[in-house]
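Numbering (our numbering), first residue to last: 14 to 388.
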Amino acid sequence: MRRVADFDGPSSLDDVHRFIVSSFDLFAEDHLYAFFLSGKYWDVASEYVDPRSDGRRADKALLFRLGLSAGKGFVYVFDFGSEQRFTLTVSAVTEVSAPLGRVVLVESVGALPPSDLLDFGHEADDLPPPDALQPLIPLAQALFAARDTEVEIDLAARDPAEDMRRASLATARSMGEAALGLARALAADLALFRDLDEWFLDQELLPSLLELPAALAEVGEMELARSVAEAFRFAAPDEFNGELASVLAQAGLREEALQQVSSNLENAVHPYVAEGKAGDAYRALGEDDAAEAYYRRSVALAASSSERSEAALRLTSFLIDTGREKDAAAFVRDQRQEAAAAGAKALAPAVSAERNAPCPCGSGKKYKKCHGANA
Numbered sequence: 014m015r016r017v018a019d020f021d022g023p024s025s026l027d028d029v030h031r032f033i034v035s036s037f038d039l040f041a042e043d044h045l046y047a048f049f050l051s052g053k054y055w056d057v058a059s060e061y062v063d064p065r066s067d068g069r070r071a072d073k074a075l076l077f078r079l080g081l082s083a084g085k086g087f088v089y090v091f092d093f094g095s096e097q098r099f100t101l102t103v104s105a106v107t108e109v110s111a112p113l114g115r116v117v118l119v120e121s122v123g124a125l126p127p128s129d130l131l132d133f134g135h136e137a138d139d140l141p142p143p144d145a146l147q148p149l150i151p152l153a154q155a156l157f158a159a160r161d162t163e164v165e166i167d168l169a170a171r172d173p174a175e176d177m178r179r180a181s182l183a184t185a186r187s188m189g190e191a192a193l194g195l196a197r198a199l200a201a202d203l204a205l206f207r208d209l210d211e212w213f214l215d216q217e218l219l220p221s222l223l224e225l226p227a228a229l230a231e232v233g234e235m236e237l238a239r240s241v242a243e244a245f246r247f248a249a250p251d252e253f254n255g256e257l258a259s260v261l262a263q264a265g266l267r268e269e270a271l272q273q274v275s276s277n278l279e280n281a282v283h284p285y286v287a288e289g290k291a292g293d294a295y296r297a298l299g300e301d302d303a304a305e306a307y308y309r310r311s312v313a314l315a316a317s318s319s320e321r322s323e324a325a326l327r328l329t330s331f332l333i334d335t336g337r338e339k340d341a342a343a344f345v346r347d348q349r350q351e352a353a354a355a356g357a358k359a360l361a362p363a364v365s366a367e368r369n370a371p372c373p374c375g376s377g378k379k380y381k382k383c384h385g386a387n388a
């Protein structure tokens, strides 16, 4: 699909954003956006962002001040969750005798698909899944059903804490068994897994699986945790291999855990992820100095702004959880100063030391239930 439009020079990149949202019937609501004038996605140096974000504001970036010329290309991302991407090209820059006063649609090529095809995630009454996904749907739903089971604990019972422990153990076991059933059906087919993950995007299939080994280890189901991590590492090798190392560490298998860490670092697809996961494993072993060193290497190796934010958040959380709030504050301050000196937005989010505060990663969960879960 393609749209061509005329803008006045004093129009801003935010006006271009509004035109795209309107022209392609995007559901704007609370979704953020960003432009990258270099044409490279997530290039901080050329980034102009939603006015609600930190960084160079798109509503202050007037087109006539950006040095645009015919043939210049750049890119736009709408909704950082689904990452709907657009490429833009300046077709011409001309002098006019009077301002347009509004954006003028010049050409429209390609009709929009039906609105129900633009939705992400599917409910039972939506379009039927592709044939290849049909046998996998009930297996994924079994996983979600186990995850979302609500357990009522009688606080007047003789031992409510023990009742809660048993309920958590039962939930984790059910999820683990459902996950292994799904893994057997997938048979390490990455393309099929990605289709299934997209089909259940609203249900967060991959995030749920990534959290499962740690949840199983927490209730003492080490073998099941290990099996789940091994079964799904085809889907996200760095992440699941990192979880495997942490499970081995929590099980007290130090040598095996460190061998796994070494293998993860050597074969990493995304080194910053492997370094961060190595920090998690050393932390599980109780070796905080080594954990901190790997967390800091993860920050240093992160390439994009989103990677640096994730790595910085992991290190900041570690410092807070180990009672080093001043060091955490100093790290965040240094990151912001470095970003300001580079003319880019801050790379490290502010992390609250309050355990019940919302996690700054934007998950919507409390800090203690998200990046503070290891405290």
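Ideal placement from N, C-alpha and C gives every residue a C-beta, glycine not left out.
A quick note: this is a predicted structure, and the numbers were derived from the prediction, not measured.
Member of the options whose CA lies at the smallest distance from the CA of residue i
i      : options                           : result
Ala71  : Tyr89, Gly84, Ala83 and Tyr54     : Tyr89
Ala183 : Asp334, Pro148, Pro220 and Glu234 : Glu234
Gly114 : Tyr46, Pro23 and Val29            : Pro23
Glu323 : Ile333, Arg337 and Tyr308         : Tyr308
Ser25  : His44, Ser36 and Arg69            : Arg69
Ala353 : Asp67, Phe37, Leu219 and Met14    : Asp67
Gly52  : Phe77, Leu101 and Arg337          : Leu101
Leu314 : Arg65, Val29, Phe93 and His283    : His283
Arg421 : Ala264, Arg207, Ala281 and Arg16  : Outside the modelled stretch of the chain, which goes from 14 to 388, sits residue 421, for which no answer is possible.
Lys85  : Phe49, Arg310, Glu175 and Asp202  : Phe49
Arg31  : Glu108, Ala204, Arg15 and Asp63   : Asp63
Gly109 : Asp19, Ala58 and Asp56            : The displayed chain sequence assigns Val, not Gly, to residue 109. Here the closest residue by C-alpha is Asp19.
Glu320 : Tyr285, Tyr46, Leu45 and His44    : Tyr285
Ala316 : Pro250, Val57, Ala174 and Arg186  : Val57
Tyr54  : His44, Arg65 and Phe91            : Phe91
Ala201 : Tyr61, Arg246 and Ala185          : Arg246
Met14  : His44, Gln97, Gly123 and Tyr46    : Gly123
Backbone CA spacing between residue i and residue j [nearest angstrom]
i      : j      : result
Glu252 : Ala244 : 12 Å
Glu269 : Asp340 : 32 Å
Ala238 : Asp293 : 15 Å
Glu190 : Ser318 : 37 Å
Asp21  : Pro112 : 6 Å
Gly255 : Phe213 : 24 Å
Ala262 : Ile33  : 49 Å
Leu79  : Phe99  : 19 Å
Leu271 : Ile333 : 25 Å
Phe87  : Met177 : 53 Å
Arg349 : Glu236 : 42 Å
Ala281 : Gln273 : 12 Å
Gln216 : Gly94  : 13 Å
Leu39  : Ala248 : 30 Å
Val232 : Phe331 : 22 Å
Ala37  : Leu76  : Residue 37 is actually Phe in this sequence, not Ala. In a straight line, the C-alpha of Phe37 is about 21 Å away from that of Leu76.
Leu219 : Ala306 : 28 Å
Leu205 : Arg197 : 13 Å
Asp347 : Ala291 : 24 Å
Ser181 : Pro250 : 27 Å
Pro148 : Asp161 : 21 Å
Glu96  : Ala342 : 31 Å
Glu211 : Gln154 : 14 Å
Leu125 : Glu175 : 55 Å
Anticipated Cβ contact below 8 Å, residue i with residue j, distance rounded
i      : j      : result
Ser390 : Ala74  : Outside the shown range of the chain, which is 14 to 388, sits residue 390, and nothing can be said about it.
Ser146 : Leu193 : The identity of residue 146 in the sequence shown is Leu, whereas the question assumes Ser. That belief does not hold up - the Cβ atoms of Leu146 and Leu193 are roughly 19 Å apart, past 8 Å.
Thr329 : Asp301 : That belief does not hold up - the Cβ atoms of Thr329 and Asp301 are roughly 15 Å apart, past 8 Å.
Ser240 : Leu156 : Their Cβ separation, rounded to whole angstroms, is 14 Å, which puts Ser240 and Leu156 out of contact at 8 Å.
Asn277 : Ala304 : Not a contact, Cβ separation roughly 15 Å.
Leu195 : Leu229 : Actually they are not in contact, since the Cβ atoms of Leu195 and Leu229 sit about 15 Å apart, beyond 8 Å.
Pro142 : Ile150 : 6 Å
Val106 : Leu81  : 6 Å
Val116 : Asp27  : About 12 Å separates the two Cβ atoms, so there is no contact after all.
Met188 : Ala159 : 4 Å
Ser311 : Gly289 : 4 Å
Ser121 : Arg16  : 6 Å
Val260 : Ala242 : 6 Å
Contacts around residue i, its chain only, beta-carbon distance under 7 Å, and the 5 residues preceding and following it disregarded
i      : result
Arg267 : Leu298
Leu203 : Phe247 and Ala248
Ala185 : Ala228, Leu229, Val232 and Glu234
Leu225 : Met188, Gly189, Ala192 and Val241
Cut-off 6 Å between Cβ atoms - residues of its own chain near residue i, not counting five sequence neighbours on either side
i      : result
Ser59  : Phe49, Leu50 and Ser51
Glu351 : none
Contact set for residue i: own chain, Cβ-Cβ below 8 Å, skip 5 residues either direction
i      : result
Phe344 : Ala325, Leu328, Thr329, Leu332 and Ala361
Ser35  : none
Leu45  : Val62, Asp63, Arg65, Ser66, Asp92 and Phe93
Entirely within the segment 174-240 and at least 4 residues each: give me those alpha helix (DSSP H) ranges in chain order. List check, alpha helix (DSSP H) in window: 203-212 and 218-231.
Taking the runs of the beta strand (DSSP E) that are 3 residues or longer, which of them lie wholly in the segment 50-136? Here the runs fully enclosed are 60-62, 86-91, 97-102 and 117-122.
Taking the runs of the alpha helix (DSSP H) that are 4 residues or longer, which of them lie wholly in the segment 244-290? You should have 250-263 and 267-279.
Every unbroken alpha helix (DSSP H) inside the segment 309-347 [4 residues or more]: The qualifying runs are 318-334.
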